[in-house]
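What follows is a single structure, written as structure tokens, with notes after it.
Residue numbers (our numbering): 505 to 775.
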């Protein structure tokens, strides 16, 4: 059984209002004992209906009890007849319209209460749906906030790099014949021999491949370490004291001692 569909079918609302058949009542009793979510929804609807009744209850007038007692006393007073024929006549017809009017009023009030109850439950359903939408919006905002925090952290790190004396910025351009994008920025601090990469865009690789950075010194490649695509800002674990150019190639997982020139992805010249 699909419990969420059962809960939203409306049978629980009818159960709370007392408008279900005996078979449906037994079914709700059985399922509410088996599935906690059915029991929880049933309790919630019952509590909501009780709260609604308390919220819209009207306190009777202070003199209502006295008026009812007075009316009952008047209706129960003995009728003194002047003759025997009149004494045998019981004027029931005079009481019927009042009782009939009371039953009609009670039925009308009952119908109004049922209508109000259905309206209340409908409002609760709407609020529940709106609550779900608000929860989804909250998740989206939390995700965007996390992204903004990551961006702020990266910007703070970049600003710290650029403020360090001796840091040079080298933008690498795509070296692929097909013109595919390869946007990478190298931040090289010559005095500290540190290299940091900012990867803006690189093609995805197979699971057995990895990108590798090279520093070219007088045309000779120097291993500047492998790096992971998808990490925006990463510091290389190789000391680079000198470089004329920086280049990126695709190598096997773990890197290679020499670059595969046919797999050259991007290259850029130092200032």
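No residue lacks a Cβ here, since even glycine has one placed at the ideal position from N, Cα and C. Since this is a predicted model, take the numbers as computed values, not measurements.
Bridge partners of residue 755 according to DSSP: 714. The C-beta distance from residue 653 to residue 737 rounds to 14 Å, too long to fall under 8 Å, and the pair is not in contact. Approximately 7 Å separates the beta-carbon atoms of residue 760 and residue 716; this is inside 8 Å, confirming the contact. In the three-state reduction of the DSSP assignment, residue 732 falls in the coil class. Pairing residue 526 with residue 638, the inter-Cα distance amounts to about 38 Å. Excluding its 5 nearest sequence neighbours in each direction, residue 696 has C-beta neighbours in its own chain below 8 Å: 668, 670, listed in chain order. Where residue 520 is concerned, the enclosing alpha helix (DSSP H) starts and stops at 515 to 521.
When secondary structure is reduced to three states using DSSP, residue 668 falls in the coil class, being assigned neither helix nor strand.
A straight-line Cα-Cα distance of about 17 Å links residue 515 and residue 630.
Around the beta carbon of residue 747, a 10 Å sphere encloses 16 or more other beta carbons of the protein chains shown; the residue is thus reported as buried. By the criterion of a C-beta distance shorter than 6 Å, residue 710 is surrounded by no residue of its chain, once the five residues flanking it on both sides are discounted. The three-state secondary structure of residue 686, taken from DSSP, is coil. Taking all protein chains shown into account, residue 753 has 16 or more neighbouring C-beta atoms within 10 Å of its C-beta and is therefore buried. Note on residue 541: under 16 other CB atoms within 10 angstroms of its CB, so exposed under the neighbour-count rule. A straight line joining the alpha-carbon of residue 506 with that of residue 539 spans about 11 Å. If you look at residue 537, you'll find it in the alpha helix (DSSP H) that goes 526 to 538. For the options 524, 545, 533, the alpha carbon positioned closest to that of residue 509 is the one of 545.
The secondary-structure analysis by DSSP pairs residue 772 across a beta bridge with 750. Assigned with DSSP and collapsed to three states, residue 695 falls in coil, not helix or strand. Distances from the CA of residue 547 to each of 531, 524, 519 were compared; the closest alpha carbon is that of 519. Taken through DSSP and simplified to helix, strand or coil, residue 739 comes out as strand. Look at the beta carbons and you see the region 758 to 775 touching the region 682 to 692: at least three pairs across the two are nearer than 8 Å.
Here residue 508 carries a helix assignment [DSSP, helix/strand/coil]. Contact between residue 701 and residue 740 is confirmed by a C-beta separation of about 7 Å, below the 8 Å threshold.
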